[in-house]
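For the record, the sequence lines run as chains A and B. Every number in the numbering used here is 175 more than the matching position in the first sequence, counting from 1. Every number in the numbering used here is 175 more than the matching position in the second sequence, counting from 1. We put the beta carbon where it would ideally sit given N, CA and C, even for glycine. Fair warning: this is a prediction, and the values are worked out from it, not measured in the lab. What follows is a short report on a single structure.
2 protein chains.
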Amino acid sequence: MASQASIPKGTRDFLPLVMIKRNFIFQTIQEIFLLHGYLPIETPAMETLSTLMGKYGEEGDRLLFRILNSGLPPVIETKPLKEITEKGLRYDLTVPFARFVVQHRNEINFPFKRYQIQPVWRGDRPQKGRYREFYQCDIDVIGSNALLNEIELLNIIHLIFKKLNINITLKINNRKILAGIAEVIGQANKLTDITVAIDKIEKIGIEKVTEELLAKGIPSTAIEKLKPILTLQGNSEERLAFLETFLINSETGQKGIVEVRYLFEFLNSVKSPVLQELELDTSLARGLNYYTGAIIEVKANDVAIGSICGGGRYDDLTGIFGMPNTSGVGVSFGADRIFDVMEQLNLFPENLQTTVPVMFVNFGENESRQAFLLQQELLKNNISSIIFPSAAKLKKQFDYANKQHIPFVAIIGDKEMENHTVSVKNMITGEQEMIEQTKFAAFFR
Amino acid sequence: MASQASIPKGTRDFLPLVMIKRNFIFQTIQEIFLLHGYLPIETPAMETLSTLMGKYGEEGDRLLFRILNSGLPPVIETKPLKEITEKGLRYDLTVPFARFVVQHRNEINFPFKRYQIQPVWRGDRPQKGRYREFYQCDIDVIGSNALLNEIELLNIIHLIFKKLNINITLKINNRKILAGIAEVIGQANKLTDITVAIDKIEKIGIEKVTEELLAKGIPSTAIEKLKPILTLQGNSEERLAFLETFLINSETGQKGIVEVRYLFEFLNSVKSPVLQELELDTSLARGLNYYTGAIIEVKANDVAIGSICGGGRYDDLTGIFGMPNTSGVGVSFGADRIFDVMEQLNLFPENLQTTVPVMFVNFGENESRQAFLLQQELLKNNISSIIFPSAAKLKKQFDYANKQHIPFVAIIGDKEMENHTVSVKNMITGEQEMIEQTKFAAFFR
């Protein structure tokens, strides 16, 4: 019986045209990473469960794809999950990178700048724009706490989206500001609940956020104090000025302000175009507890699709693998969402096509040998071509060329064999001209 | 407690230098695929078990990595394996490609030429040169039974290994010749046992092969008839001449000879350099039952490492997914073994390095702003650079540049800030010169 031709839900096949567009995104990103001295690494698709578990919260543990140990019997008799599975599929690139840095600490020089472009897997419920297999493109600098790294990341984000023609808003915040806010409203120990609630302001509005905060046990007096933050307006400078007063009694909060100010002042002093995109957003938290300084998120201005890039600074990510006090900062570009944005806004260059410039028509064995020889000349000039593999009916061969959008068809029939020529038909204009075989490659060059 | 920093056995991390060398291989392969009109596709890492099971023999089924269904309880109570796992990791690229072709038959034009470069996973016992995660680089033409496709594949193999500087032997055989051999010794129904035994001749010698054939129930009279094949000597032309007589009574065998002759004659008539590498090897079987015509295998001449590329023609691969009579032919390049060959023979180009041409020394905030501005000029000229992120001690910064093999260090101190210059130190010669900032990018261009 034939197996059904289908794939697991939430996964995708990529056909050639989509592949070529995706590769355009990857190449653009990668070029700019390389220009800034970030070097490629790759880690295995599988990590041990001890590397992955407990790093992404309870939900993350649940969404990990676990791999069954080899050599199990066909029937499993009452076993704890952990006895039949020791490995899982990579859930993001950050935790494997932390593991990598610790494992290879003696082989790399710090500060270590790496990029990594690989798929990750999550057992999320599949829905529009959310897949169970998707690519992340990460850059991180590890082993340096200098804010110049944040500047570089902001500049890289700017350069990449400029090159991709996507208009963006580049939101930044700082975990120390969030900690300061929790502190001055007397709820330092509720930092996570507060940031999660703040994070939802845009989506669910101030009333629901208030309800949520109350439900988490935050007293209404504290929530009252928080209100100015929840309704904070104005440009980044005005927000910073407000925070300076609001956080006057929090040393941590003040440190956060100094860090954010540094970024704005640096960019101002070099008249950076990043400033047009950059805004301080105190509601930005990104849910990830490992951030300790800058928090960064990018949204596309012209499509509502959620964040297309995000990251931040983490002062102790490698600590979980036994290497403390190693500060890092990085961002991750979401290639799948960037693809969706570019597709919706029609931003891919016109010349990304799944075609070759030339197809040789096949009239039979002798003629195909001549076509083969001419193809070798094209190869020497880096010109792609195909030879139709069989001497099928001419109509079939021309139909194929048309369907594949091949602009030139090269014809070598009796007459051309005799004269040592090739007839070249322009499939768009319909014009046809005869070229000497010795001048064929030059014609396309 | 800190997790241990380690990865599952049989898997690997790739550090930057190795990545750059691997990418060189992938790019070389990919360029030549594209020049012949092969287009990229990708399929998901996970396939349903019904797609994978039964396609790779019993051993294959055992070596598949299965993925646990989501949402299982922490303790599994007596369950058949198939109830807790419905998906598996890709075991090769051929079966997913067959599934892809059937699933997308209405979206693609035949003959369809695709390439695919992705990792595959097998639960083999890890050993030197054998990994549980490794990359395959496959090309296939599907929907054409013309032998011109085989010619093209042989030529592509030749071009790729020439470009990689690897001396190869390109062995070919034909399944119809193997079937003919089984037929004329009166053992048509033992084709698989015979080819498996023939396949081992080089490794275990004629006596052991004879034992194995006897054990499989092949009578000694038949084995006696097989002897001339097992000891076949001479060049490809002599072997073909022998086979023509030997297989005189097998129609299938004669067809195989005609196919092999076609390849040699075509290549002869175009004076192809492939001929220097090509040899007919009747002991070549490659164990895969789905081959129906050409069988192809490549060995490196200067390193003993097994096959580095292989493939063949299959007339009914898509039949298992309900689309019969679709002939295809393809080969797979083993990137990991090719890497090992190139590393052992020192074949990678010298200029593959993990370095950038320029590092800016960091003397503090003002100076780093100036460095940032000059870096933007380099970026406009596609020149990579890094700015040391903090104003660390000079010795530390120069040590870093040395360890990273950075050839030029750009110094912007007090004097240079004042004069609008940059001092550029050549880290190899030790020479240092002062350049106007306006001429800095031009210096590196």
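Quick check: what's the CA-CA separation for A:S427 versus A:L323? Numbered from its first residue, the first sequence carries residue 427 of chain A at position 252. Numbered from its first residue, the first sequence carries residue 323 of chain A at position 148. The displayed chain sequence assigns Thr, not Ser, to residue 427 of chain A. Straight-line Cα distance between these residues: approximately 20 Å.
For A:F272 and chain B, any beta-carbon pair shorter than 8 Å? Walking along the first sequence from the start, residue 272 of chain A turns up at place 97. So, not an interface residue.
How many Å lie between B:I200 and A:S447 at the Cα? Walking along the second sequence from the start, residue 200 of chain B turns up at place 25. Walking along the first sequence from the start, residue 447 of chain A turns up at place 272. If you draw a straight line from the Cα of B:I200 to the Cα of A:S447, it comes to about 39 Å.
Just the C-alpha distance for B:I393 and B:D456, rounded to the nearest angstrom, thanks. As a position in the second sequence, residue 393 of chain B is number 218, starting the count at 1. As a position in the second sequence, residue 456 of chain B is number 281, starting the count at 1. Distance between the alpha carbons of B:I393 and B:D456 is about 23 Å.
Rounded straight-line distance, which links the Cα of A:D315 to that of A:R436: If you number the first sequence from 1, residue 436 of chain A lands on position 261. If you number the first sequence from 1, residue 315 of chain A lands on position 140. Spanning the two alpha carbons is a distance of roughly 22 Å.
For the segment 221–242 of chain A, which residues have a beta carbon sitting closer than 7 Å to at least one beta carbon of chain B? Residues M221, E222, T223, S225, T226, F240, R241 and I242.
Only counting the same chain, and skipping five residues up and downstream in sequence, which positions put a Cβ closer than 8 Å to that of A:R187? Taking the first residue of the first sequence as position 1, residue 187 of chain A is located at position 12. The residues are Y306 and E308.
What is the DSSP secondary structure of B:N349, counted as helix, strand or coil? The residue labelled residue 349 of chain B in the question sits at position 174 within the second sequence. Note: B:N349 maps to strand in three-state DSSP.
Beta-carbon separation (whole angstroms), B:P271 vs B:T218, contact threshold 8 Å: Within the second sequence, residue 271 of chain B is the residue found at index 96, counting from 1. Within the second sequence, residue 218 of chain B is the residue found at index 43, counting from 1. Between B:P271 and B:T218 the beta-carbon gap is near 4 Å, inside 8 Å, which marks them as a contact.
Using 8 Å as the limit for Cβ to Cβ distance, is A:F618 near chain B? As a working note, residue 618 of chain A is residue 443 in the first sequence. Judged by the 8 Å Cβ criterion, A:F618 is not in contact with chain B.
Anticipated Cβ contact below 8 Å, B:K397 with B:G431, distance rounded: To locate residue 397 of chain B, count along the second sequence from 1; it is residue 222. To locate residue 431 of chain B, count along the second sequence from 1; it is residue 256. One detail in the question is off: residue 397 of chain B reads as Ala in this sequence, not Lys. About 19 Å; that fails the 8 Å criterion.
Can you pull the chain A neighbours of B:A510, defined as C-beta to C-beta under 7 Å? Taking the first residue of the second sequence as position 1, residue 510 of chain B is located at position 335. Those within 7 Å of B:A510 in chain A number zero; the least Cβ separation is about 12 Å.
Compare the C-alpha of A:H211 against each of B:I562, B:Q612 and B:L388 and name the closest. Counting from 1 along the first sequence, the entry for residue 211 of chain A is found at position 36. The residue from B:I562, B:Q612 and B:L388 with its alpha-carbon nearest to that of A:H211 is B:I562.
Between which two residues does the beta strand (DSSP E) carrying A:M221 extend? On the first sequence, residue 221 of chain A is found 46 positions in, with the first residue counted as 1. For A:M221, the enclosing beta strand (DSSP E) stretches over residues M221 to T223.
With distances taken between CB atoms, is the gap from B:I343 to B:K474 smaller than 8 Å? Residue 343 of chain B sits at position 168 when you count from the first residue of the second sequence. Residue 474 of chain B sits at position 299 when you count from the first residue of the second sequence. Yes, the Cβ-Cβ distance between B:I343 and B:K474 is below 8 Å.
DSSP state of A:D515 mapped onto helix, strand, coil: On the first sequence, residue 515 of chain A is found 340 positions in, with the first residue counted as 1. Three-state DSSP puts A:D515 in a helix.
Taking 8 Å as the threshold (beta carbon to beta carbon), is A:L548 in contact with chain B? In the first sequence, counting from the first residue as 1, residue 548 of chain A sits at position 373. At least one chain B Cβ lies under 8 Å of A:L548.
By DSSP's criteria, B:N601 is part of a beta bridge. Which residues make up the other side? For the purposes of this step, residue 601 of chain B is taken as the residue at position 426 of the second sequence. Looking at the DSSP assignment, B:N601 forms a beta bridge with B:F583.
The segment 187–202 of chain B: which residues have C-beta closer than 8 Å to a C-beta of chain A, in chain order? R187, D188, F189, L190, P191, M194, I195 and N198
Give the residues of chain A in contact with B:K254, contact being defined as C-beta atoms less than 8 Å apart. The residue you call residue 254 of chain B lines up with position 79 of the second sequence. Chain A residues near B:K254: V250 and I251.
Answer yes or no: does any C-beta atom of chain A fall closer than 8 Å to that of B:T529? In the second sequence, residue 529 of chain B corresponds to position 354, counting from 1. Interface residue, yes.
Any chain A beta carbon closer than 8 Å to B:F583: Residue numbering aside, residue 583 of chain B sits at position 408 when the second sequence is read from its first letter. So, not an interface residue.
Hey, could you find the ends of the beta strand (DSSP E) A:I495 is sitting in? Here residue 495 of chain A corresponds to residue number 320 of the first sequence, with the count starting at 1. Counting along the chain, A:I495 falls outside any beta strand (DSSP E), and DSSP gives it neither H nor E.
In chain order, what residues of the segment 442–466 of chain A put their CB closer than 7 Å to some CB of chain B? S444 and V445
Report the option in B:A354, B:V504 and B:A416 whose CA atom is closest to the CA atom of B:S425. As a position in the second sequence, residue 425 of chain B is number 250, starting the count at 1. Ranking the options by Cα distance to B:S425, first place goes to B:A354.
Closest to A:T493 by CA distance: which of A:I480, A:E472, A:I513 and A:Y466 is it? As a first step, residue 493 of chain A is located in the first sequence; it is residue number 318 there, counting from the start. Nearest option by C-alpha distance: A:Y466.
Of the residues A:G468, A:A510 and A:L388, which one's Cα is nearest the Cα of A:G481? Working through the first sequence from its first residue, we reach residue 481 of chain A at position 306. It is A:A510.
Going along the chain, which residues of its own chain have a beta-carbon closer than 8 Å to the beta-carbon of A:L339, five neighbours each way excluded? The residue labelled residue 339 of chain A in the question sits at position 164 within the first sequence. Once the five neighbours on either side are set aside, the close Cβ partners of A:L339 are I200, T203, I513, M517 and L522.
My output table needs one value for A:R241: the three-state DSSP class, helix, strand or coil. Within the first sequence, the letter at position 66 stands for residue 241 of chain A. Residue state, collapsed to three classes: strand.
Using 8 Å as the Cβ pair cut-off and three pairs as the minimum, do the segment 585–594 of chain B and the segment 363–372 of chain A touch? no
Stretch pair the segment 213–229 of chain A + the segment 181–196 of chain B: three plus CB contacts closer than 8 Å: yes
Please tell me whether A:L323 has its Cβ less than 8 Å away from any Cβ of chain B. As a position in the first sequence, residue 323 of chain A is number 148, starting the count at 1. Chain B, which has a Cβ nearer than 8 Å to the Cβ of A:L323, makes this yes.
Let's test the definition: count the other Cβ atoms within 10 Å of the Cβ of A:M176 and tell me whether it reaches 16, buried, or not, exposed. Walking along the first sequence from the start, residue 176 of chain A turns up at place 1. Note that A:M176 scores 47 on pLDDT, short of 50, meaning its location in the model is unreliable; the coordinates nonetheless yield the value given after this. By the 10 Å Cβ count, A:M176 comes out exposed.
Which residues in the same chain have their Cβ closer than 6 Å to the Cβ of B:N198, if we skip the five residues on either side of it in sequence? Reading the second sequence from its first residue, position 23 is the one you call residue 198 of chain B. The answer is none, since no qualifying residue turns up.
Can you list, in chain order, the residues of its chain whose CB lies under 7 Å from that of B:N349, leaving out five sequence neighbours each side? Within the second sequence, the letter at position 174 stands for residue 349 of chain B. For B:N349, where only same-chain residues beyond five positions count, the Cβ hits under 7 Å are G431, E434, V435, G468, A469 and I470.
Once DSSP output is grouped into helix, strand and coil, what is the label at B:E452? Numbered from 1 along the second sequence, position 277 holds the residue referred to as residue 452 of chain B. Looking at B:E452 - three-state DSSP - the assignment turns out to be coil, as it is neither helix nor strand.
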